[in-house]
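In my numbering, the protein residues as written are 5 to 307.
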Ligand code: ADP
Ligand code: MG
């Protein structure tokens with residue numbers, strides 16, 4: 005199968021040092037799938053990392069969001085390709101792994117630019133957030149009881165600029181890491197590209213990637229084995245398989261938290277609506293192989 009895998013925050017850790025250690029394990033389930041003969045295209049998030057990069061810069065240097073995105077693609081891609089290459093080497097699997105600096109076109113009239121919603125960077129106390137708001141003019145919101153975080157616009161991906169290169173590499177049997185951190189957001193004006201300050205949701209970018217490479221399966225690897233209705237409530241119920249209609253009903257009933265599970269479900273729907281044969285698996289990193297065998301995880305299918 006041709007599979008797009010989206011790696012969540014828990015596969016990457018919070019600092020480059022931590023990430024390097026975590027990745028040694030994170031790449032194993034991916035190597036398993038490659039060993040099983042699947043064609044893998046990898047995507048990943050960058051929420052905490054992009055905040056870290058912005059904070060690491062000298063306050064005299066105004067680092068634009070779009071370049072911060074590019075930097076996270078670079079170093080996360082580097083560590084990921086190295087870890088996966090090493091793991092494949094250990095298994096005597098001879099396949100090149102490459103990460104691609106990838107631009108993703110967004111619509112400059114996307115309403116997201118008027119309403120920043122995507123939390124990035126560290127969690128702050130209310131007092132510190134207010135001070136930062138004064139100092140920088142950035143917007144901060146309370147994030148799921150965990151503290152205050154900066155929010156940036158999160159427009160929807162429209163087109164992947166480097167798609168032809170990605171397809172060629174995949175066709176050639178190479179493992180491609182692309183749309184890292186949702187891709188570098190760019191707008192197109194009279195055929196010309198230019199960067200724009202935003203963060204594209206990695207779940208939506210991965211879904212767009214899965215559509216454009218004509219994948220059979222999109223796997224979203226996150227911190228939970230399955231999705232649930234009544235999540236974290238006494239009547240919580242894990243879901244094995246849902247179709248478009250059921251997913252829409254559960255969205256309406258508010259079962260999926262905005263900013264965490266909701267974008268995954270919406271991204272999943274986007275992919276399965278595109279082609280009735282398309283399927284999405286949402287599960288944890290450790291359970292990826294079991295999930296493909298439908299022994300765990302949640303499958304989202306057309307009908
Ligand atoms: P990632 O970095 O993988 O995108 P997120 O934190 O954004 O991770 O989203 C995954 C989290 O969504 C889970 O760890 C879980 O706490 C939360 N979540 C919210 N609603 C649900 C739900 N209905 N079922 C399962 N998990 C949910
Ligand atoms: Mg997320």
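We treat Cβ as the ideally placed atom computed from N, Cα and C, and that holds for glycine. Computed from a prediction, not measured in an experiment: that's the story for all the values here.
If you drop the 5 nearest sequence neighbours on each side, which residues of the same chain put their C-beta closer than 6 Å to that of residue i?
i, result
"residue 17", "23, 26"
"residue 227", "14"
"residue 229", "287, 288, 291, 300"
"residue 145", "155"
"residue 150", "127"
Over the uninterrupted alpha helix (DSSP H) stretch that includes residue i, give me the two end residues.
i, result
"residue 278", "265-278"
"residue 144", "No alpha helix (DSSP H) contains residue 144, which is instead part of the beta strand (DSSP E) from 143-146."
"residue 84", "69-94"
"residue 174", "167-175"
"residue 350", "Residue 350 is absent from the structure shown; the chain starts at 5 and stops at 307."
Taking the DSSP output, what are the residues bridged to residue i?
i, result
"residue 43", "6"
"residue 211", "The partner list for residue 211 (beta bridge, DSSP) is empty, contrary to what the question assumes."
"residue 108", "164, 189"
"residue 232", "242"
"residue 305", "247"
"residue 123", "155"
"residue 226", "288"
"residue 283", "221"
"residue 48", "11"
"residue 196", "193"
Excluding the 5 residues flanking residue i on each side, which residues of the same chain have their C-beta closer than 7 Å to its C-beta?
i, result
"residue 225", "9, 10, 11, 12, 15, 287, 288, 289, 292"
"residue 28", "87"
"residue 215", "275, 278"
"residue 70", "188, 189, 199, 200, 201"
"residue 111", "159, 162"
How about residue i and residue j: are their beta carbons less than 8 Å apart?
i, j, result
"residue 109", "residue 156", "no"
"residue 47", "residue 92", "no"
"residue 161", "residue 199", "no"
"residue 101", "residue 77", "no"
"residue 174", "residue 180", "yes"
"residue 141", "residue 73", "no"
"residue 54", "residue 203", "yes"
"residue 217", "residue 107", "no"
"residue 116", "residue 158", "yes"
"residue 261", "residue 207", "no"
"residue 130", "residue 152", "yes"
"residue 222", "residue 232", "no"
"residue 80", "residue 44", "no"
"residue 95", "residue 178", "no"
"residue 51", "residue 124", "yes"
"residue 104", "residue 167", "no"
Quick check: is the beta carbon of residue i nearer than 8 Å to any beta carbon in chain C?
i, result
"residue 262", "In summary, chain C is missing from the structure at hand, where a single protein chain is found."
Using 7 Å as the cut-off, classify the Cβ of residue i as near or not near the heavy atoms of the ligand FMN, replying yes or no.
i, result
"residue 12", "No copy of the ligand FMN occurs in the structure displayed; its ligands are the ligand ADP and the ligand MG alone."
Our contact map puts residue i next to residue j with C-beta atoms below 8 Å; I'd like the distance itself, whole angstroms only.
i, j, result
"residue 234", "residue 241", "6 Å"
"residue 302", "residue 264", "That belief does not hold up - the Cβ atoms of residue 302 and residue 264 are roughly 14 Å apart, past 8 Å."
Could you tell me the boundaries of the beta strand (DSSP E) in which residue i lies?
i, result
"residue 203", "Element bounds for residue 203: n/a, residue is neither H nor E."
"residue 135", "That residue, residue 135, is in no beta strand (DSSP E); its alpha helix (DSSP H) goes 130-140."
"residue 103", "101-103"
"residue 179", "179-181"
To which residues of the same chain is residue i closer than 8 Å at the C-beta, ignoring the five residues directly before and after it?
i, result
"residue 250", "none"
"residue 276", "248, 282, 283, 284, 304, 305, 306"
"residue 273", "248, 251, 252, 304"
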